[in-house]
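Student: With this note's numbering applied, the sequence shown covers 22 to 211.
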Amino acid sequence: MKTNYNNIREREEAAQTLLAAYCQGDQNAFMSLYDMYAGMLLNYGLCITSDKELVKDCVQDVFIKLISKSQDLQVTKVTSYLLISLRNRLLDEFRRKNYMTETAVEDIRISTTVEDVENSYILDESSLNNVRKVQILMDELTPRQRQVFTLYYIEQRKYEDICDIMQMNYHSVRNLVHRGMLKLRAAVAV
22 MKTNYNNIRE REEAAQTLLA AYCQGDQNAF MSLYDMYAGM LLNYGLCITS DKELVKDCVQ
82 DVFIKLISKS QDLQVTKVTS YLLISLRNRL LDEFRRKNYM TETAVEDIRI STTVEDVENS
142 YILDESSLNN VRKVQILMDE LTPRQRQVFT LYYIEQRKYE DICDIMQMNY HSVRNLVHRG
202 MLKLRAAVAV
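1. Taking the runs of the alpha helix (DSSP H) that are 4 residues or longer, which of them lie wholly in the segment 36-116?
2. Would you say valine 198 reaches chain C, if we count a Cβ-Cβ gap shorter than 7 Å as a contact?
3. Along the alpha helix (DSSP H) that carries lysine 204, what are the first and last residues, could you check?
4. Out of Leu112, Lys204, Thr38, Arg153, state which residue places its alpha-carbon closest to the alpha-carbon of valine 99.
5. Look at cysteine 68 and glutamine 168 and say whether their C-beta atoms are less than 7 Å apart.
6. Under 7 Å, do tyrosine 65 and leucine 112 count as touching if we go by C-beta distance?
7. Check threonine 171 in the structure and name its three-state DSSP category.
8. Tell me which same chain residues have a C-beta within less than 7 Å of the C-beta of leucine 2, skipping the five on either side of it?
9. Please work out which residues of its chain come closer than 8 Å, Cβ to Cβ, to arginine 130, disregarding the five sequence neighbours upstream and downstream, and give them in chain order.
10. Do tyrosine 43 and alanine 36 have their C-beta atoms closer together than 7 Å?
11. Under 6 Å Cβ to Cβ from serine 53, same chain only, skipping five residues before and after it: list those, please.
12. How many Å lie between threonine 70 and arginine 178 at the Cα?
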């Protein structure tokens, strides 16, 4: 059952409640937590790599890890925990499969589709035409800028959360947002 949350705080509070219930043995709470985050994690993973099957596998691994650690899990921010876990799991897979033989993760050009996170969360735009315009603009950004934009503007995460998720310092995150915005403004002006 999909539930719409008006803001990040409501989603986080609901997730905390579900996680606590799951840790107490409520299997339905786990399923609700999965339903709440699986799509978001898939879309976030597709911002990191275009390998949809790898992302699906890693999302499943994140939830399996959640199951195995339910007894001693101490999580204060469920969304950040899940996003960081997925990012780390993907990076582990990149290393394991030698995806990064000559190219750093940050330099990989990501091809995205209309269904990706940029389009599914951008201010509830209903027009496919607007979504296509935004996609074209997002393709102008580097993968790291796209990831920061997704977290900051679409997921409405705070800079501090983005720093934790991307393992970057505060000023680097701010610079990515600023430079990305300059690049988007230049692209719109053309």
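All C-beta atoms, glycine included, are put in the ideal place defined by N, C-alpha and C.
Tutor: Answer, in terms of the structure:
1. Within the segment 36-116, the complete alpha helix (DSSP H) runs of at least 4 residues are 48-69, 73-89.
2. Within the model displayed, chain C is absent; a lone protein chain is all it includes.
3. Here residue 204 corresponds to residue number 183 of the sequence shown, with the count starting at 1. DSSP places lysine 204 inside the alpha helix (DSSP H), whose first and last residues are 191-210.
4. The residue given as residue 99 occupies position 78 in the sequence shown. Taking valine 99 as reference, the option from Leu112, Lys204, Thr38, Arg153 with the minimal CA-CA separation is Thr38.
5. Taking the sequence shown and counting its residues from 1, the one referred to as residue 68 is at position 47. Taking the sequence shown and counting its residues from 1, the one referred to as residue 168 is at position 147. The answer is yes: Cβ separation under 7 Å.
6. On the sequence shown, position 44 is the one that residue 65 refers to. On the sequence shown, position 91 is the one that residue 112 refers to. Here tyrosine 65 is not near leucine 112, since their CB atoms are 7 Å or more apart.
7. As a position in the sequence shown, residue 171 is number 150, starting the count at 1. In the structure shown, the three-state DSSP call for threonine 171 is helix.
8. Outside the shown range of the chain (22 to 211) lies residue 2, about which nothing can therefore be said.
9. Here residue 130 corresponds to residue number 109 of the sequence shown, with the count starting at 1. Here the model assigns arginine 130 a pLDDT of 48, short of 50, so the residue's position is not dependable, and the following value carries that caveat. The beta carbon of arginine 130 sits closer than 8 Å to the beta carbons of Pro164 from its chain, once the five residues preceding and following it are set aside; these are given in chain order.
10. Your numbering for residue 43 matches position 22 in the sequence shown. Your numbering for residue 36 matches position 15 in the sequence shown. No; because the gap between Cβ atoms is not below 7 Å, this pair is not in contact.
11. Counting from one through the sequence shown, the residue named residue 53 turns up at place 32. Taken in chain order, the residues that qualify are Leu39.
12. Within the sequence shown, numbered from 1, the residue matching residue 70 stands at position 49. Within the sequence shown, numbered from 1, the residue matching residue 178 stands at position 157. Cα to Cα, threonine 70 sits roughly 21 Å from arginine 178.
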